[in-house]
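Asks: The structure is given below, and queries will be raised subsequently.
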Amino acid sequence: MILHTIIDNQPSKDTSGPNLQSEHGLCFQFTSDGKNYLIDTGASGAFIGNMEALAGNGICNVEDIDAVFISHGHNDHTGGLRKFFEHNSKAPVYLHNSIRGNFFYSCRPKKGVREARNIGMEQALFADFGHRFTEIGEITRITEKITLIPLSGRRDFPTPMGNEFLYCNDLPDNFTHEVAVLVEYAPEEFAVISPCSHNGILNILEDCREWIERKYGNGSKSGSNAGMWRKVDCAEMIKHFVGGLHYVDYLLMGQGEKEAASILETASIIKEKYPLLKIHTGHCTCTRAAELLADALGCRCSIFCSGYTIGLE
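Numbering (this note's numbering), first residue to last: 29 to 341.
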């Protein structure tokens, strides 16, 4: 299976390819069992132009998208929805039921003054296109291979320091509106797609691992002896984690050493608990943080950009 990065903060590095737009936003596309899926829609309708430019390279037309999965209620992931509805008349849009009616803000200081900036999904979309939304609050199977995992809010491991500035209405955002997409792209091989990972990569991995354990229990029927059960490590079934990690400009926040230590500790835990995991990151993972991860994980970490393809195998 191929996961296509339709739009990202970083421009395409393929100078011989089509001229693709970039923006502070994220959108992925993939195909499973003949159906076409979109994960998030970037910050604007720019992803549609990129899909058109990439047509013929494994990318479907926007009108052929069969379903959209929204990862959380911020506008850099939902800003393209209105344009999407103008171009696609059929696809349901799955999102967490706590996005409707709630307002999301960033209160990051600018020039020493903390100002609230609206970063939430356009609420008028619910009135204008209400019939297109499927709101979920629990684990939802889309197909045998695709499962939406509303994140539990567990805090067994740290969350990104950048969350400090983010609010839902008048309270610090707990990000229970965040949903991970879990794809079983091959038997017993999973990819976790979490575009912003506000709940923290390790907490998200644990939520997904627990669901896999509930599915497989203590064993699996695959292996050299057909029909025989074998004991499995469900953590080893998670082969890929794709998405931003919300390590945002930490060197500009006056806490660079603390955040760097957290990143390196996360990499160490990943190597211990998820020994087969590859990480593909971008978007809200700042350049220095991505470099730290890549140094710590070596070939197990890659950095995506607009037009980047991720082979899930």
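Ideal Cβ placement from N, Cα and C applies to all residues, glycine included.
(1) Which first and last residues belong to the beta strand (DSSP E) in which Leu176 is found?
(2) For Ser44, count neighbouring Cβ atoms within 10 angstroms of its own Cβ and tell me buried if that reaches 16, exposed if not.
(3) State yes or no: is the C-beta of Thr175 within less than 8 angstroms of the C-beta of Ile167?
(4) Ignore the nearest five residues each way along the sequence and tell me which others in Phe185's own chain have a CB closer than 6 angstroms to its CB.
(5) Would a C-beta distance cut-off of 8 angstroms place Gly272 and His308 closer than the cut-off?
(6) Specify whether the stretch 186–193 and the stretch 103–114 touch according to this definition: at least 3 beta carbon pairs, one from each stretch, less than 8 angstroms apart.
(7) Where do the ends of the alpha helix (DSSP H) carrying Phe75 lie?
(8) Who are the near neighbours of Cys135 in its chain, counting only those whose CB is closer than 8 angstroms to its CB and skipping five residues on each side?
(9) Mind checking whether Asn202 and Asn130 have CB atoms under 8 angstroms apart?
(10) Classify Gly339 as buried or exposed, calling it buried when 16 or more other Cβ atoms lie within 10 Å of its own Cβ.
(11) Excluding the 5 residues flanking His102 on each side, which residues of the same chain have their C-beta closer than 8 angstroms to its C-beta?
(12) Is Gly158 near the ligand NAP, going by C-beta to nearest heavy atom under 7 angstroms?
(13) Below 8 angstroms, how does it come out for the stretch 84–97 and the stretch 51–71: are there three or more Cβ pairs, yes or no?
(14) Could you say which of Arg182, His268 and His274 lies nearest to Glu212 if we only look at CA atoms?
(15) If you run the structure through DSSP and keep just helix, strand and coil, what is Thr106?
(16) What does the alpha-carbon distance come out to for the pair Asp94 and Glu285?
(17) Where does Val207 sit, in a helix, a strand or coil, going by DSSP?
(18) Buried or exposed for Arg169, going by 16 or more other Cβ atoms inside 10 Å?
(19) Looking only at DSSP bridge pairs, what is Cys55 linked to?
(20) Tell me, to the nearest whole angstrom, how far the beta carbon of Cys333 is from that of Thr33; I am working on the premise that it is less than 8 angstroms.
(21) If you draw a straight line from the C-alpha of Phe75 to the C-alpha of Phe97, how long is it?
(22) Closest to Asn37 by CA distance: which of Ile297, Thr69, Asn64 and Gly245 is it?
(23) Return helix, strand or coil for Thr315, following the three-state DSSP convention.
(24) Go to Glu217, then tell me how far its beta strand (DSSP E) extends in each direction, as first and last residue.
(25) Buried or exposed: Cys327, going by 16 or more other Cβ atoms within 10 Å of its Cβ?
(26) Give the DSSP-derived three-state secondary structure of Phe332 in the structure shown.
(27) Using beta-carbon positions only, say whether His124 and Pro200 come within less than 8 angstroms of one another.
Replies: Answer, in terms of the structure:
(1) Ile174 to Pro178
(2) exposed
(3) yes
(4) Gly228, Leu230 and Asn231
(5) no
(6) no
(7) Ala74 to Leu82
(8) Arg142, Glu143, Ala144, Arg145, Phe193, Leu194 and Tyr195
(9) no
(10) exposed
(11) Phe132, Ile147, Gly148, Met149 and Cys224
(12) Within the structure as shown, the ligand NAP is missing, as the structure has no ligands at all.
(13) yes
(14) His268
(15) helix
(16) 44 angstroms
(17) strand
(18) exposed
(19) Ile35
(20) 7 angstroms
(21) 15 angstroms
(22) Thr69
(23) helix
(24) Glu217 to Ile221
(25) exposed
(26) coil
(27) no
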